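Residue numbers (the working numbering): 2 to 575.
Worksheet: the structure to be examined is printed underneath.
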């Protein structure tokens, strides 16, 4: 390939912040999922596998590989791999997933695990995390009871990796996904974690220093379980972080920095929340806000956040959507912090199922299996996993460990409404290169180029139309180092440095941006939209001339305002 730099398993050498991941070298790489394996004929596939394969084929990701010379070109390579510097030399398998899904084991849920997994598989998901709400009932009964259902779903849907997790009531803050690598202790570790560190179980929800310390202690507990090899790995991602204004900047930094870099547990937050159908106007929908982001400040909210932070922007959380805002302030410290996008699926818009009669959630830790309700319910705000939101992770293979490693490494891009089919990003200079989440180390003054290859949408999404990508923005910021004030939520140097109009509707697009001769640490990240709605960003037109517009509560059809975002790539000259 002519690339001397195999940017592989040891990712973030950000200053002193050496990240050594986990070497799961002892784990045998699993066979490719059938949909990806071109030696399996179409007629041998299940309907879900067949639809997954046709999606891959349309995206140009099957049979014809993605090679370094022409990332989305037609040269022969392994099926569905993008050659972006993996330690095995084959590149990454880009696996779509969702880490925020509820079932009948949540007090506000109703579906069986297998319902969510079947729907996720149908909607193109390769990996899913079942995250029922942390609560006294769940800690006591639910964690144990859901496990056999998860194991059954793993057997029934072998082409979908199904993790067990939970939605943690973070002490002193919002919710977060916590999940572990499957294994004999997955239940006992999650159960002990929830019993000892869940804000609801412990009565520790208020924003107090003691409760904030309990959250950090919970993350350290998880890191210890990994170090002691009770579980192979554990991760935490904060959910809907700006929804109620209770995730203060100093808490997010404390979670990120809680555990040693080698066992980093808290790695990011939802760039876009679930509940995206909630913004559909009446009489079509529930006429709430996208993400159910229709809150106002409370006693526990961080007082520095502006009122507009309680709303979504183009379906994305304010912390992510604001160029030069909170996410950029974290990235400007030169430390990893990633974004995802999920369904938060509880009750699906347009569904006909209702909870089975006669159940007692507090006694049984679950609702009865759903039954047919006799009507279409348009008063719900959720989509099935993969129906609208997708988190794409570059994995070294089709294994649980590889997905967790890919998430920790930040090889992630997200989209709404299947706006793109594929994305390959590389920053190159001095005969080396790095991809999403990575860091390119070059000598000071080296000329550096960003190359972006996009496979455009090629086929209808789940709303029945082919989305059109209208514009792609390159956002760049300087790495200015750790902040003195941990409640900082601005990054003065981050801005949109280049916008590209996309003037074709099928096939692939290549964009290049010259970073120039780089003499100080910097990062770049990408964003793009269908061009339907935009507004000048919060920091002004010089920073973001055409960013996402604030979503209108009660009138925000999510299919008419589609965006994608990528995680950053750093350039670190020395």
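The beta carbon of each residue, even a glycine, is placed where N, CA and C say it ideally should be.
Please read all numbers here as calculations on a predicted model, not as lab measurements.
Residues near residue 306 in its chain [Cβ-Cβ closer than 6 Å; skip 5 each side] | Contacts found: 246.
Check whether the Cβ atoms of residue 524 and residue 571 lie closer than 8 Å to each other.
-> A contact, by the Cβ cut-off of 8 Å.
Whole-angstrom distance between residue 325 and residue 494, CA atom to CA atom | The alpha-carbon of residue 494 is positioned some 7 Å away from that of residue 325.
Go through its chain and collect everything with a Cβ distance to residue 110's Cβ below 6 Å, but skip five positions before and after it.
-> The answer, listed in chain order, is 103, 104 and 347.
Could you give the distance in angstroms between the alpha-carbon of residue 569 and the alpha-carbon of residue 170?
-> Going by C-alpha positions, residue 569 is about 28 Å away from residue 170.
Closest Cα partner of residue 400 within the set 123, 153, 163 and 117 | Nearest C-alpha to residue 400 among 123, 153, 163 and 117: 163.
Residue 129 - partner residues in DSSP beta bridges = Looking at the DSSP output, residue 129 bridges to 99 and 163.
What three-state label does DSSP hand residue 529 in the structure shown?
-> Here residue 529 sits in strand by DSSP.
Taking Cβ positions, are residue 382 and residue 511 nearer each other than 8 Å?
-> No; because the gap between Cβ atoms is not below 8 Å, this pair is not in contact.
Helix, strand or coil at residue 111 according to DSSP, with G and I counted as helix | Looking at residue 111 - three-state DSSP - the assignment turns out to be coil, as it is neither helix nor strand.
Spatial neighbours of residue 490 within its chain, please: CB distance less than 6 Å, with the 5 preceding and 5 following residues excluded, ordered by chain position.
-> 250, 327 and 330, listed in sequence order.
What first and last residue would you give for the alpha helix (DSSP H) that runs through residue 217?
-> Run containing residue 217: 210-228, per the alpha helix (DSSP H) assignment.
Does the beta-carbon of residue 194 have 16 or more other beta-carbons within 10 angstroms, so that it is buried, or is it exposed?
-> Taking a 10 Å sphere around the C-beta of residue 194, we find 16 or more other C-beta atoms and assign the residue as buried.
Which residues share a DSSP beta bridge with residue 501?
-> Its beta-bridge partners are 473.
In angstroms, rounded to a whole number, what distance separates the CA positions of residue 575 and residue 448?
-> Straight across, the Cα-Cα distance linking residue 575 with residue 448 is about 13 Å.
Exposure of residue 228, with buried meaning 16 or more beta-carbon neighbours within 10 Å | Around the CB of residue 228, fewer than 16 other CB atoms lie within 10 Å, so the residue is classed as exposed.
Is the segment 251-268 in contact with the segment 122-131, if contact means three or more CB pairs nearer than 8 Å?
-> In short, these stretches do not touch, since the Cβ pair count stays below three.
For residue 373, collect the residues of the same chain with a Cβ closer than 7 Å to its Cβ; drop the 5 residues on either side in sequence, then sort them by chain order.
-> Contacts found: 353 and 354.
Span of the beta strand (DSSP E) around residue 334 | Segment: none, residue 334 is in no beta strand (DSSP E) and carries neither H nor E.
Figure out for me which residue from 334, 176, 198 and 51 has the closest Cα to the Cα of residue 479.
-> Comparing Cα-Cα distances from residue 479 to each of 334, 176, 198 and 51, the minimum goes to 334.
Residues bridged to residue 349 by DSSP?
-> Residue 349 pairs with 383.
How about the segment 135-154 and the segment 180-189: do they share at least three Cβ pairs that are nearer than 8 Å?
-> Contact annotation: the segment 135-154 touches the segment 180-189, with at least three C-beta pairs closer than 8 Å.
Quick one: what's residue 373 bridged to in DSSP?
-> Residue 373 is bridged to 354.
Start and end of the alpha helix (DSSP H) containing residue 149?
-> Counted as a single uninterrupted DSSP element, the alpha helix (DSSP H) harbouring residue 149 occupies residues 144-157.
Just how far apart, CA to CA, sit residue 320 and residue 159?
-> About 36 Å.
Endpoints, beta strand (DSSP E) assigned at residue 340 = That run of the beta strand (DSSP E) goes 339-342.
Proximity of residue 393 and residue 414 at Cβ, strictly below 8 Å | Yes, the Cβ-Cβ distance between residue 393 and residue 414 is below 8 Å.
Collapsed DSSP secondary structure at residue 519 in the structure displayed | Strand.
Residue 316 versus residue 565 - alpha carbon distance | If you take the alpha carbons of residue 316 and residue 565, they lie about 10 Å apart.
Sort 341, 409 and 378 by Cα distance to residue 285 and report the nearest one.
-> Ranked by how close their Cα comes to the Cα of residue 285, the residues 341, 409 and 378 have 378 in first place.
Would you list the one or two residues that DSSP bridges to residue 390?
-> According to DSSP, residue 390 bridges with 417.
Compute the Euclidean distance between the alpha carbons of residue 41 and residue 35, then round it to the nearest angstrom.
-> Taking the straight line joining both Cα atoms gives about 6 Å.
Could you check if residue 154 is buried or exposed, using at least 16 other CB atoms within 10 Å of its CB as the buried criterion?
-> Its Cβ being crowded by 16 or more others within 10 Å, residue 154 is buried.
The segment 523-543 touching the segment 272-286, judged by at least three CB pairs closer than 8 Å = Cβ pair count under 8 Å is below three, so no.
Whole runs of the beta strand (DSSP E) within the segment 424-477, excluding any shorter than 3 residues | At a cut-off of 3 residues, the continuous stretches assigned as beta strand (DSSP E) that sit fully inside the segment 424-477 are 433-435, 440-443 and 447-457.
Expressed to the nearest angstrom, what Euclidean distance is found between the alpha-carbon atoms of residue 560 and residue 502?
-> Between residue 560 and residue 502, the alpha-carbon positions lie close to 20 Å from each other.
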